[in-house]
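Protein chains in written order, with this note's numbering: chain Y, 1 to 284; chain P, 1001 to 1284; chain X, 2001 to 2284; chain G, 3001 to 3284.
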């Protein structure tokens, strides 16, 4: 049984013996019950994720943070604690392709995954009706060649106004400017419609069709200022063959895009992703 | 980097707060460095696996066992420690189908996985030459309807004489008697050529073909006295379609059998499998 | 390039030399261009599917049928011709689980697959709003223990009134009575939430969890009067492990259910499924 | 039931109506029974593969060729007919990695696929003993930096002397010179240890590990004078995660390499691959 409410403690720090003992000892000293625990080390760096049953602790999130801080300082930890009772606020950006949006809205509606959608932003009006049917605000932001910079400033204002935790590019067909990427490191998730690093850039399915590959894929990654090169969170592929027209390839691709994005978003929302340089540790 | 030599500590015990702290604290108190750690809890039971860098400890396996025993007793642990420098001794039983045997012998030859094969036992002579080319002893044990009981006593004598740790039924087409199954709990591994619980019993591929399923599979499990019902270690499937003749189904099946058996054997040999009733916890 | 409009000719007949020549010769004699062709034979039975470019024929569907009939009679064919310009009418039955319904409605909305949904029938009211947002009629039919027979007569009346071609049980948690199953052979599609024949009957995910299998699956099949035993159209599986709670298993299952149902429905709608006894030939 | 012996007729020609009728009519006019038939068209080109039951024809392969030639000329066909009773002669080139060689030799030994291995060529001596245990000649050809050109001339002489039909590079760690590639178009098969076009060139697993991809793969392709760019026959992938060391990635890779190569070789040997520019049509 998963506890009803849990606090997730994530840590990245220089590796040395005794870290698990110190952290587990700290939790145990307060009677904390660990529901799930994961560890990893690579290149002299130590990664740790722990779900602590909130009901097992005699105090709340704020005091836990205060009490944990000295230990964190001692081990030079980059750390954070989140509370499963506080859903993350996910702002979705979309253009016209709606398969990923439909999937995310369904998961929100079905409570398949716990998160809030404070608003959806689009550079087109096509999806306004469907979004608003859910009772979710829809913001149209024009992205014409002339005023893209202003468009992206507007995106940022909306994101801030809605206190977004996470920006998801659910097939948003615009390249984010570097200053936006850098403002929210590891907080912007994109779904790229190819198995990166193959077929970066435009029209990847057409590239794949032309090359004659036997599998096509999708890649969910954090957005950095370098196009299609951010840390990869999740990938998957699907088999195609010679009988598939390019439209079939696109259709298969949509299936894999939406499931890869959904998994990537889940890992992020459940605080299962720790970034390590340009790679990720994903504690599934 | 994985340490050159490591000790693997596996624990099953009643769940209660503080176990991780106690065990990690014990290891840290001796300067031990944990290379890989996994935890799981279910139904009030706690499962733990830790790889400790042997070079980080000031003493060897025997003293580690002595020092750990009091803690183990306090927490009512079912536990064990193995040494990566001591390869497990795997006795292989086979009849005439040799695809799994070929795969295991290749892995042994290629040092793809570290284990010893003290001997191969078969109720047929077909594979003697190939086994002996490897410099591995081959024992022929007749299994005629009249003297099966004696045949299985002979199997047991050979297994004991070779100080076997593990018996692998690599498509051994004979049903082991209950007393043999019970003599080596969680030490006999079978590969069943279906996706259990579908198509238990004889000729599973023919059953699958007749039923018209779209995927066929294989199941690697520990052998218990109940036929095809032991704890499942690993399973996988492969897609078939109407154009596949039953011989094609058998052929696809062989591919999945050998890879599922190889993975199951690997998990066992690396002490990654903890049995929980009639299920398994596999720390991959 | 797939032709804009095509006629699909499906044939099942006793196997004998010359069938392909006869049928292809007939089509060629009228200048017909074959866009896609598939053949299969098994157990003395011959199966054939051909997509003919409608624009390449000098006449329409009705005359094609008339002209083809003598050849069909000569070869004792069970045959049919459909027109890609006439979408099939798919009536969806659903209870409370809406993941499959959401998926099918999205595909309809996105024109990902060409079909009509004349109405949705449910024994609950939960999904009325979402269905009606699409402009699709929603019929509530009570299924209380006392009046199930009447409920199913009502289902049948609605299906007939809407001139349904196909009935899809998108997680409809009621067992259809034999007379309904037999009224529409190979026209009722169900999604069963297990990898049949494993875990037929109720609560398959809980059964799978208890057994400790390492993969769970879903099965799309035609409904016959024998529960969960009709011809299988499509199946797939997804990997689980010991760390998955039964709720996780259910969640993974929903993903595979909806994709397996979507594929099965696609094959049926595109006339790619030919039933052969209790098995299917699926020309992908 | 697959016929005991069959003739496989493969055709590539400009697309126009009536080809299937003409070819099927020709076969039927001689009483030929078609066991398996596949068709494909793309970009104005028509592809066809037919397995004809040899026992159903009143004459043999040579007369079939003579009789078919006029039809082939009329339709401007690029065509060929092979006889299942004549196994292809596959010359294997290998360096030190033996997982693919072991797999191919097993399939040959087990008659899992019908082909001859007239010899194995290697630039190292490591695998001589294992090859010769099979009774297969082993040729050592040195490939030092100074005399590579001579080495490849020797490879070609050996291939010709053994009347090779097919050259398989089973992890042969040398780049073939253009003149060798061009001498045997669509007759040299390579297994590349990445999911092309990702990670072409050297050390692809290390590249993949550095990039942090979540799946790695292998690609079986025909060799052309452009490195790693020939027509792809088959690909597959396997999942990895952050806990996998680069050695684990290599190990997983070996599994997928050998199965992808085995499938690609099977398709080629069964005459299922038709090359279309730099892509392939694979009639599975």
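Heads up, the beta-carbon is just placed ideally off N, CA and C, and yes, glycines get one too.
Exposed or buried, which one is residue i when buried takes at least 16 other CB atoms within 10 Å?
i              : result
residue 1029/P : exposed
residue 3004/G : exposed
residue 2157/X : exposed
residue 2245/X : exposed
residue 218/Y  : buried
residue 953/P  : Nothing can be reported for residue 953/P, as the shown portion of chain P is limited to 1001 through 1284.
residue 175/Y  : exposed
residue 1254/P : buried
residue 3221/G : buried
residue 1097/P : buried
residue 2270/X : buried
residue 1125/P : exposed
residue 3135/G : exposed
residue 231/Y  : buried
residue 1133/P : exposed
residue 266/Y  : buried
What does DSSP give as the partner residue(s) for residue i in the beta ladder?
i              : result
residue 3013/G : 3046/G
residue 2210/X : For residue 2210/X, which the question treats as bridged, DSSP gives no partner whatsoever.
residue 217/Y  : 237/Y
residue 2039/X : 2048/X
residue 1192/P : 1219/P
For the alpha helix (DSSP H) containing residue i, name the first residue and the last one.
i              : result
residue 2104/X : 2099-2109
residue 2176/X : Neither: residue 2176/X is in no alpha helix (DSSP H) and is coded neither H nor E.
residue 2078/X : Where residue 2078/X is concerned, there is no enclosing alpha helix (DSSP H), although the beta strand (DSSP E) it sits in stretches over 2078-2083.
residue 2261/X : 2246-2269
residue 158/Y  : 148-161
Which residues in chain X sit within 9 Å of residue i, going by Cβ to Cβ distance?
i              : result
residue 3056/G : 2017
Check the Cβ-Cβ distances between residue i and every residue of chain C, and say whether any is below 9 Å.
i              : result
residue 1210/P : No chain C is part of this structure, whose protein chains are labelled Y, P, X and G.
In this structure, does DSSP put residue i in helix, strand or coil?
i              : result
residue 1006/P : strand
residue 71/Y   : helix
residue 2283/X : coil
residue 125/Y  : coil
residue 1275/P : strand
residue 1117/P : coil
residue 3168/G : strand
residue 53/Y   : strand
residue 3138/G : strand
residue 1205/P : helix
Kindly list, in the order they appear in chain G, the residues whose Cβ is closer than 7 Å to that of residue i.
i             : result
residue 91/Y  : The contacting residues do not exist; residue 91/Y stays about 25 Å from chain G at best.
residue 216/Y : Going along chain G, no residue has its Cβ under 7 Å from residue 216/Y, so there is no contact; the nearest lies around 10 Å.
Would you mind reading off the limits of the beta strand (DSSP E) that contains residue i?
i              : result
residue 2088/X : 2088-2094
residue 2027/X : Where residue 2027/X is concerned, there is no enclosing beta strand (DSSP E), although the alpha helix (DSSP H) it sits in stretches over 2019-2029.
Below 9 Å on C-beta distance, what does residue i contact in chain P?
i              : result
residue 3259/G : 1255, 1259
residue 3112/G : 1099, 1251, 1254
List the residues of chain G that residue i touches, going by C-beta distances under 9 Å, in chain order.
i              : result
residue 1010/P : Under the 9 Å cutoff, chain G gives no residues; its nearest Cβ is about 18 Å from residue 1010/P.
residue 2027/X : 3017, 3018, 3020, 3021
Report the neighbours of residue i on chain Y: residues whose CB is nearer than 7 Å to its CB, in chain order.
i              : result
residue 1039/P : 37
residue 2133/X : 133
residue 1024/P : 20, 21, 24
Going along chain P, which residues have a C-beta under 8 Å from residue i?
i              : result
residue 2232/X : 1211, 1212, 1213, 1214
Output, in chain order, the set of chain X residues within a Cβ distance shorter than 7 Å of residue i.
i              : result
residue 3170/G : The premise fails here: residue 3170/G is roughly 30 Å from chain X at the closest Cβ pair, so nothing lies under 7 Å.
Show which residues of chain P have a CB atom less than 7 Å away from the CB atom of residue i.
i              : result
residue 3102/G : 1106
residue 264/Y  : Those do not exist, as residue 264/Y stays about 21 Å from chain P at its closest Cβ, beyond 7 Å.
Output, in chain order, the set of chain Y residues within a Cβ distance shorter than 9 Å of residue i.
i              : result
residue 2005/X : Going along chain Y, no residue has its Cβ under 9 Å from residue 2005/X, so there is no contact; the nearest lies around 15 Å.
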